[in-house]
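Residue numbers (the working numbering), protein chains in the order written: chain S, 1 to 318; chain D, 1001 to 1318; chain A, 2001 to 2249; chain W, 3001 to 3249.
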């Protein structure tokens, strides 16, 4: 391999490493399109962690027990941590956190549309953990073997914590479903709201996802959207049954031939509507982030100013 | 009288009218000290209505029934109305609402210290109506016959509504006292907090109230602080007994000889402390008013700008 | 229960939630006269809400009271449109929210007043006079803020950008509303639209504000899918009743 | 019940209410790293509060749980000092509130750790490490904001003017605390004072901020006379438990 590499063009060497499952590292040569695609994908993922703090953060002050409050706060804190790893991973590709945040705030960069749905009851904390984190894990676990080293390593940490979060979410649902009738109703009502939006998390149908092939070739994507969506349904339908809940899709039915669940068609109009910024919470989520950033400006400036003063004093002292 | 008046100095004429219980009107001559004292007193009263909206406003969004919410909101709205009458009455003496508000916001003008105590439970809505409005009425009813016409007429309207409010407050207390034990406890706990501060509403002891004599001479005050305080105790102690509540003063006892209740000494240190601005809510009350005023500046400016534009257009049209 | 029950409840929730939001202004208005006006509108809507809740309780016939309906239902059971639960924001936001509501409310009440249900007609008739005043007030303020200062115009524009997308839900019938419209119990919203639209056009023109392009309407409140704001509002509104259920206050 | 019960409950309420306030920042911090730090401190205090509530429940011996104590007591039953219930305000207000609390909390825990009550001593020992970090964090931020920009200094000064008056309650013993101090169960606050004072002087000097004149201390929270902020906080905190009492979550 190493000897052969001498004769290949940089592109060919690069693709050969990828095909051999050798990680690409920051100092390695990479095609500009690969770099850009990764920056877009990683920063979008980082933004999703950041914005994803909001719908769950919405219930921290109203969690129904001290234990749940503590678990939820720790979970949202983990998401902030994931954001940090991911921004750092993206920075190794030559962008900066400030630039990425500016793109988020201007609306240029995207984040996962799922966070544009509101959290309306305590059961939503269950659904977000169980379904949303469940879908995220299906998307993310393959990324632990993705071709770009810093991203893959960040994803290993992220996935470990995410699967912990997913179990916590399921446990919230289980507690509700084993509780009083009013709690079970709460769980069902939340499932009704979250089911379809989580199916949308895997993105448009393969037939409408033109970049999939290139991304799979670069091994920054390892399954198609429809493959992952099917996996998700196959995983979740039995769990819903176990909980005694009904998935809000009358078309869901075990298909013996496919050895998989059939399911209904996602409302793609809603999907594109939310992607285009017209979900219920798009405006609020972005506003909340922009506001935190703007109101924090004086704090960041103060910290920088103080550090500079201190450095100047230390230089004099030396 | 009219013939004699020709021979008297303006001061003597003025005092003669007052002594004859003839109202002083805005266009009449009056001593500068009388004008200043009245401006201070009326604006302080107007400010008290304005600031007094806050402690009760604090429970509008948490009132325990739709009926109570409606009554409470209407009551606080009445206070805003009283503020309006009183600012207008003060304006007849040659000041402006802007000037009076500036004095309130700078801390130069005072308002009733009672509003620097917080409202902490629903029963406080009872106590504020029953005790605070009760004390206010004792202070205010004599002012319906005060020497300055616009003030006296404003007070007639104010007192009519205040006595309605006081009955509503008493009725809240009565409902709580006839309700569940937890409601009665709530009522007693509130009484414990409000009793002494309401006794302070009548001001310092007569021996420490040097301006009383002049004010009584001008008939802008008709009873001394201690007289009113005694009246209040004599009125309220039987009402508390009727409610089955205990006034938090072990010294309260019927004095057969005086035909009045004895009662303990007010904590004058606390009184002066709150007057000097160190009550729990002084800072918040003033901040709330200043903030409303500052955040409303652009609205007031827009209204003026629009009125000017409209006037200019109409002038052109004519 | 009567087929009217969910609709009357929706009207009740709508008036209550908006009344509640307006009451949050109490003591904090930009000028004393407007503090009074806001409280006044809030009181009118609160009174209207109570009439609807009382009627809804009767229609349901399960012995629930107006307070049970207002204080003991969760956010996902509430049926108010998203518009009225939006936070007060600055005065411009409050005015835009109010204008969008008033403009619909006035036309709706006109329709209900002439409707076949006597009780609804009588509540509507009483409320219509109040609603006419509210609409006049909020329309005048739209004009003042639009044709006032640069600052007020900037704030009005921002409020329109934030809130206009919630107007569509008011005139988009839910399945329940469609059914009642077919039965002739609820006015056809399509028929109300020209008057609403004409008044909007008139007021915006007076305010020198160009008509905003029609945004994608945010739907959900009337079927229980609310924004995150409602939960906080209800936590405050319902706290005492939730804490001490079944007592008399 | 043990004479320690009301004191342990006061410690629990104090840590819970401050943890709750800090948790309100979650997702809204001025920079991601500080969002994490605020959540971290909140989690530490929440953990400490739970240990105290569990111990208080045992001391009381009436079968109440940590959640009963936290979720089913009214504002006038809460025993936290006024300082910790004050709203977050801007970051400077949060930092000043935190600094005043941390400075006291650290010294208090040092005292409790060596106290005769084994359970309290063990909770204090565990919490002391965390409290040392909190104090380091808030002290550093006081210094950064004081010796940062003109804007940060202005905001810090305003926060000090607003919150300094709540510091006195921390070291002013209530009747309950005095009694326990006489029994040797609670450290004498007078003895803690020099260390607290010295650290304050040191941090303010580093921050180039002159020591503010001692204000009249605001007392009341530790005896149940709170500011109006606590009621709203509890309405939110307790909403679900109040709405559905007795369920498992």
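All C-beta atoms, glycine included, are put in the ideal place defined by N, C-alpha and C.
To the nearest angstrom, how far is it from the Cα of residue i to the Cα of residue j?
{"i": "residue 2027 of chain A", "j": "residue 99 of chain S", "result": "43 Å"}
{"i": "residue 186 of chain S", "j": "residue 276 of chain S", "result": "30 Å"}
{"i": "residue 3098 of chain W", "j": "residue 306 of chain S", "result": "20 Å"}
{"i": "residue 3050 of chain W", "j": "residue 3015 of chain W", "result": "9 Å"}
{"i": "residue 243 of chain S", "j": "residue 271 of chain S", "result": "27 Å"}
{"i": "residue 184 of chain S", "j": "residue 134 of chain S", "result": "20 Å"}
{"i": "residue 3190 of chain W", "j": "residue 3196 of chain W", "result": "10 Å"}
{"i": "residue 1012 of chain D", "j": "residue 1176 of chain D", "result": "55 Å"}
{"i": "residue 2237 of chain A", "j": "residue 3078 of chain W", "result": "21 Å"}
{"i": "residue 1001 of chain D", "j": "residue 1149 of chain D", "result": "In this predicted model, residue 1001 of chain D has a pLDDT of only 46, less than 50, meaning its place in the structure is not dependable; the value taken from the coordinates is given anyway. The straight-line gap from Cα to Cα measures roughly 20 Å."}
{"i": "residue 2160 of chain A", "j": "residue 291 of chain S", "result": "19 Å"}
{"i": "residue 3045 of chain W", "j": "residue 66 of chain S", "result": "11 Å"}
{"i": "residue 1259 of chain D", "j": "residue 3162 of chain W", "result": "48 Å"}
{"i": "residue 3038 of chain W", "j": "residue 3052 of chain W", "result": "21 Å"}
{"i": "residue 56 of chain S", "j": "residue 266 of chain S", "result": "24 Å"}
{"i": "residue 3108 of chain W", "j": "residue 26 of chain S", "result": "49 Å"}
{"i": "residue 2248 of chain A", "j": "residue 1179 of chain D", "result": "7 Å"}
{"i": "residue 59 of chain S", "j": "residue 1096 of chain D", "result": "48 Å"}
{"i": "residue 1029 of chain D", "j": "residue 1294 of chain D", "result": "37 Å"}
{"i": "residue 1139 of chain D", "j": "residue 3179 of chain W", "result": "43 Å"}
{"i": "residue 1237 of chain D", "j": "residue 2128 of chain A", "result": "47 Å"}
{"i": "residue 1076 of chain D", "j": "residue 1219 of chain D", "result": "29 Å"}
Can you have a look at residue i and say buried or exposed, based on whether 16 or more other CB atoms are within 10 angstroms of its CB?
{"i": "residue 1158 of chain D", "result": "buried"}
{"i": "residue 2080 of chain A", "result": "buried"}
{"i": "residue 3019 of chain W", "result": "buried"}
{"i": "residue 1122 of chain D", "result": "buried"}
{"i": "residue 1130 of chain D", "result": "buried"}
{"i": "residue 2035 of chain A", "result": "buried"}
{"i": "residue 19 of chain S", "result": "exposed"}
{"i": "residue 145 of chain S", "result": "exposed"}
{"i": "residue 313 of chain S", "result": "exposed"}
{"i": "residue 1069 of chain D", "result": "buried"}
{"i": "residue 22 of chain S", "result": "exposed"}
{"i": "residue 1112 of chain D", "result": "buried"}
{"i": "residue 2029 of chain A", "result": "buried"}
{"i": "residue 216 of chain S", "result": "exposed"}
{"i": "residue 1074 of chain D", "result": "buried"}
{"i": "residue 268 of chain S", "result": "exposed"}
{"i": "residue 1227 of chain D", "result": "exposed"}
From the DSSP output, which residues share a beta bridge with residue i?
{"i": "residue 1262 of chain D", "result": "D/1253"}
{"i": "residue 1148 of chain D", "result": "D/1024"}
Shorter than 7 Å from the beta carbon of residue i to some beta carbon of chain B?
{"i": "residue 1290 of chain D", "result": "Absent here is chain B; the protein component of the structure consists of chains S, D, A and W."}
Whole-angstrom Cβ separation of residue i and residue j, contact assumed at under 8 Å?
{"i": "residue 2119 of chain A", "j": "residue 2055 of chain A", "result": "5 Å"}
{"i": "residue 2147 of chain A", "j": "residue 2207 of chain A", "result": "5 Å"}
{"i": "residue 2102 of chain A", "j": "residue 2138 of chain A", "result": "5 Å"}
{"i": "residue 83 of chain S", "j": "residue 3032 of chain W", "result": "6 Å"}
The region 42 to 59 of chain S in contact with the region 2237 to 2247 of chain A per 3-pair CB rule at 8 Å: no
Stretch-stretch touch, CB-based, cutoff 8 Å, three pairs: the region 35 to 43 of chain S with the region 3207 to 3215 of chain W: no
Given 8 Å, three or more beta-carbon pairs between the region 277 to 284 of chain S and the region 219 to 233 of chain S: The region 277 to 284 of chain S vs the region 219 to 233 of chain S: no contact.
Contact between the region 2164 to 2177 of chain A and the region 2214 to 2224 of chain A (3+ Cβ pairs under 8 Å): yes
Three CB pairs or more closer than 8 Å across the region 1188 to 1205 of chain D and the region 1085 to 1103 of chain D: no
Meets three-Cβ-pair contact criterion under 8 Å: the region 2084 to 2091 of chain A and the region 2225 to 2234 of chain A: yes
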